[in-house]
Amino acid sequence: MSAEIIDGKAIAEEVRREVAAEVAEWVAAGHDAPGLATVLVGEDPASAVYVGGKQKATHEVGMQGFDHRLAADTPQADVETLLAELNADPRVSGILLQLPTPGHIDGNGLTGLIDPGKDVDGLTPVSAGLLAKGRPGLRPCTPAGCMELLDRHDVELEGAEAVVVGRSDLVGKPVAQMLLARNATVTVCHSRTRDLPAVCRRADVLVAAVGRPRMVQGDWVKPGATVLDVGINRTDDGLVGDVDFDAVKDKAAAITPVPGGVGPMTIAMLLVNTLKAARLQQAAPGVPA
Ligand code: NAP
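In the working numbering, the protein residues as written are 2 to 290.
Right, here's the structure in full:
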């Protein structure tokens with residue numbers, strides 16, 4: 002058996018086209034185009050590429066982009082002031098503080114200052130709390146992208162055994178909570194999990210978000226499982242995931258490749274969140290999502 006390849010690039014393009022159409026309708030109905038403000042502190046080249054990609058995608062779907070780039074030695078207080086201005090600016094529907102920030106700046110603390118109604122990265126404590134309580138809110142983009150891939154491939158989640166490897170605030174925990182909200186039976190694994198291969202073999206849906214190249218082996222996967230590989234690892238062989246794709250593709254029913262699987266979904270879901278935030282602000286300004 003050879004697995005169906007879950008084409009995240011194609012699905013992300015589809016999502017972006019849908020967002021563009023909805024933005025056009027929103028504007029035609031007399032609203033301002035939704036606006037995404039990105040804040041980058043410092044000159045980290047990878048972060049600059051990510052932010053550039055997010056701004057480009059924002060313009061492509063007809064939204065406004067506000068691209069704030071601050072010098073690496075910007076004092077924390079200045080970033081706080083900028084976030085307060087963006088929170089108050091009605092043109093700004095969503096705010097994203099690019100992490101990591103330089104050492105003298107408390108990136109997590111700053112994230113917590115973003116108005117939860119504009120938290121399009123879904124990383125503030127309020128957004129995390131809403132997700133944990135199963136209440137509506139803005140969800141982190143990469144986990145939301147995972148769910149979109151599963152849904153667009155009609156993967157049955159109700160009652161399914163889902164195993165998530167990784168428990169970060171960015172990916173592992175939120176994707177586990179989203180799977181739980183869809184009535185999967187969820188196991189979350191981490192660096193102290195005993196007999197990880199045996200736990201993974203239980204999974205109907207296996208999500209790897211670890212950051213270790215090709216860690217998940219062919220014999221860790223139950224025949225017929227759906228495997229989402231969130232990992233992005235730069236190696237001498239180029240970009241590889243957390244899953245040994247060549248070994249797993251003959252066991253799984255469906256699998257995401259790296260690159261071109263989960264990765265492209267993150268920006269697509271950021272656009273979805275920005276439109277959602279604009280709608281929520283229109284419906285009830287000042288009220289968290
Ligand atoms: P992270 O914060 O470093 O978390 C890694 C998790 O993996 C931790 O929970 C850690 O366990 C667990 N882990 C580490 N070694 C392990 C082992 N040997 N066995 C079992 N679990 C182990 O990473 P992250 O931010 O979640 O990112 C994970 C991967 O996804 C990275 O490759 C990253 O580049 C990628 N990523 C991709 C996207 C995207 O596609 N757009 C977005 C975000 C992240 P402990 O908690 O016990 O330390």
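A virtual CB, placed ideally from N, CA and C, is assigned to each residue, including glycine.
**Prompt:** Taking the continuous beta strand (DSSP E) assigned at G104, which residues delimit it?
**Reply:** No beta strand (DSSP E) holds G104; DSSP gives it neither H nor E.
**Request:** Return the residue from the list G264, A269, A161 and V222 that minimises the CA-CA distance to D247.
**Result:** V222
**Asked** Looking at I7 and I256, is the spacing between their C-beta atoms short of 9 Å?
**Response** Yes. Within cutoff.
**Item:** beta-carbon I233 near the ligand NAP non-hydrogen atom, thresh 8 Å
**Value:** Because some heavy atom of the ligand NAP lies under 8 Å away, the Cβ of I233 counts as near it: yes.
**Request:** Just the C-alpha distance for V40 and R136, rounded to the nearest angstrom, thanks.
**Result:** 28 Å
**Message:** If you measure between the beta carbons of L114 and P141, is that distance less than 9 Å?
**Reply:** Going by C-beta atoms, L114 is not nearer than 9 Å to P141.
**Asked** With distances taken between CB atoms, is the gap from D74 to P46 smaller than 9 Å?
**Response** By the CB criterion at 9 Å, D74 and P46 fall outside the cutoff.
**Request:** Given a cut-off of 9 Å, decide if A226 and L207 are closer than it, judged by their beta-carbon atoms.
**Result:** It is a contact, given that the beta carbons lie within the stated cut-off.
**Prompt:** Can you tell me whether A290 is buried or exposed, with buried defined as 16 or more other CB within 10 angstroms of its CB?
**Reply:** Low local confidence applies: a pLDDT of 47 at A290 is under 50, so the model's placement there is unreliable, with the coordinate-based value given in what follows. So A290 counts as buried.
**Message:** Taking the beta strand (DSSP E) that V231 belongs to, which residues open and close that run?
**Reply:** It is not in any beta strand (DSSP E) - V231 carries neither H nor E in the DSSP assignment.
**Asked** What number of angstroms, rounded off, separates the C-alpha of R195 from the C-alpha of R18?
**Response** 43 Å
**Item:** For A34, the first and last residue of its enclosing beta strand (DSSP E)
**Value:** Where A34 is concerned, there is no enclosing beta strand (DSSP E), given that its DSSP letter is neither H nor E.
**Request:** With A85 as the anchor, note down where its alpha helix (DSSP H) starts and where it stops.
**Result:** Following the DSSP letters along the chain, one finds A85 inside the alpha helix (DSSP H) bounded by residues Q77 to A89.
**Prompt:** Which one of A85, N88 and S94 has the shortest CA to CA distance from G66?
**Reply:** S94
**Request:** May I ask you to verify whether the stretch 233–242 touches the stretch 254–273, counting CB pairs closer than 8 Å and requiring at least 3?
**Result:** yes
**Separation of E44 from N184, as counted between CA atoms** = 43 Å
**Asked** Using a Cβ-Cβ cut-off of 6 Å (strictly less than) and excluding sequence neighbours within five positions of A285, which residues of its own chain qualify?
**Response** None.
**Asked** Among residues of its own chain, excluding the 5 on either side of D68, which ones have a beta-carbon nearer than 6 Å to its beta-carbon?
**Response** For D68, where only same-chain residues beyond five positions count, the Cβ hits under 6 Å are T39 and Q56.
**Item:** Whole-Å CB distance - G121 paired with L271, under 8 Å assumed
**Value:** As written in the sequence, residue 121 is Val, which differs from the Gly given in the question. 6 Å between Cβ atoms; contact.
**Message:** For K134, tell me which candidate among P175, L97 and G108 has the shortest Cα-Cα distance.
**Reply:** P175
**Asked** Shortest alpha-carbon distance to D243 belongs to which of V211, V127 and K10?
**Response** V211
**Message:** So, with DSSP's three-state summary, where would you put E44?
**Reply:** E44: coil per DSSP, three-state reduction.
**Message:** Beta-carbon within less than 7 Å of M148's beta-carbon, same chain only, minus the 5 sequence neighbours each way: which residues are those?
**Reply:** M179
**Item:** Endpoints, the alpha helix (DSSP H) within which R213 is located
**Value:** That residue, R213, is in no alpha helix (DSSP H); it is neither H nor E in DSSP.
**Asked** Should R215 be labelled buried (16 or more other beta-carbon atoms within 10 Å of its own) or exposed?
**Response** Under the 10 Å beta carbon count, R215 is surrounded by 16 or more other beta carbons and is classified as buried.
**Prompt:** Pick from D116, D90, T82 and R70: whose alpha carbon is nearest that of L100?
**Reply:** Shortest Cα-Cα distance from L100 to any of D116, D90, T82 and R70 involves R70.
**Request:** Run the proximity test for L197: is its beta-carbon closer than 8 Å to any non-hydrogen atom belonging to the ligand NAP?
**Result:** yes
**Span separating the alpha-carbon of R202 from that of A78** = Each residue's Cα considered, the two are about 49 Å apart.
**Item:** Cβ-based neighbour list, V28, same chain, cut-off 6 Å, excluding 5 preceding and 5 following
**Value:** A34
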